[in-house]
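A.B. asks:
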Amino acid sequence: MSEWISYSLHDLLIFSPESYFRLFERANLAFWPFQLVIIAISLLMLYLTMVRTVRGQLFILAGLVFFWLLSGWWFIDHYYTQINTIADWYLWLFTTEAVLLMIYAVFAHRNRSHYSSPGDAMFGVGLGIAVYSVLIHPFLILLSDRSWRGSELIAIAPDPVAIGTIGFVLTMNASKSRYGLLVIPVLWLLVSVATYSTF
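According to my numbering, the sequence shown is numbered sequentially starting from 17.
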């Protein structure tokens with residue numbers, strides 16, 4: 017028992033930081049030039065967040081569904097599983113979040129009161145987080161010694177997808193049901209923080 021206690025998270029990690037960051041470069045290279053479509057969709061989502069229409073909110077939810085499925089089944093399934101033996105579990109977490117977003121969209125469409133905007137403070141926080149995930153997070157790589165080809169773009173890289181979901185969801189309404197959509201994004205970010213802490 018004492019031997020198990022002596023292990024740290026770093027000891028359990030079977031891949032190096034270089035191997036992990038290289039995945040983003042490979043995924044981006046293989047996905048090119050469709051990143052341009054992703055950028056257009058995410059910018060439109062930001063615009064629709066400020067417009068606050070029913071159809072706009074449905075488009076945002078549909079965009080988030082697409083982002084979770086793409087990040088899960090493209091990045092995690094095709095790349096992350098190659099270096100992380102438990103990444104298959106993450107894949108199903110991402111799929112579950114996509115399903116939850118679809119269910120939320122259906123019920124929100126039936127009850128348009130779900131689209132009433134929350135207080136200005138909460139809306140501002142959510143919008144700021146969403147803007148960060150789309151426009152700032154991908155450029156943080158410029159502050160490191162990594163290649164820009166490994167930029168973590170929303171819809172491909174898991175972290176900005178989770179961050180963006182938190183932001184967009186917080187801008188939608190003040191109902192308690194929306195908080196259920198934040199559980200998996202928060203869990204993923206905790207996993208990501210734990211992973212980065214071992215590098």
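All residues carry an ideal CB built from backbone N, CA and C; glycine is no exception.
In this text the structure is predicted, and so the values were computed from the model without any measurement.
1) On the DSSP letters alone, give me the boundaries of the alpha helix (DSSP H) that T69 sits inside.
2) T211 to D175, Cα distance in whole Å?
3) Report back the beta-carbon spacing between L205 and V141 to the nearest angstrom; my notes put them in contact at under 8 Å.
4) How about L39 and Y95: do their beta carbons lie closer than 8 Å?
5) Which residues does DSSP list as the beta-bridge partners of A173?
6) Can you give me the C-alpha to C-alpha distance between A114 and S163, rounded to a whole angstrom?
7) From this set, L52, V53, F75, which residue's C-alpha is nearest Y63's C-alpha?
8) How long is the line joining the alpha carbons of F139 and G180, rounded to whole angstroms?
9) Would you report the Cα separation of Y131 and T111, rounded to the nearest angstrom?
C.D. replies: The short version:
1) Counted as a single uninterrupted DSSP element, the stretch harbouring T69 is not any alpha helix (DSSP H), since DSSP gives it neither H nor E.
2) Looking at the two C-alpha atoms, the distance is approximately 12 Å.
3) About 16 Å; that fails the 8 Å criterion.
4) Yes. Within cutoff.
5) Answer by DSSP bridge pairing, in chain order: I170.
6) Between A114 and S163, the C-alpha separation is close to 30 Å.
7) Among L52, V53, F75, the Cα nearest to that of Y63 is on F75.
8) Those two C-alpha atoms are separated by around 13 Å.
9) Low confidence applies to Y131: its pLDDT is 48, below 50, so where it sits in the model is not reliable, and the reading given next is rough at best. Their Cα atoms are separated by approximately 24 Å.
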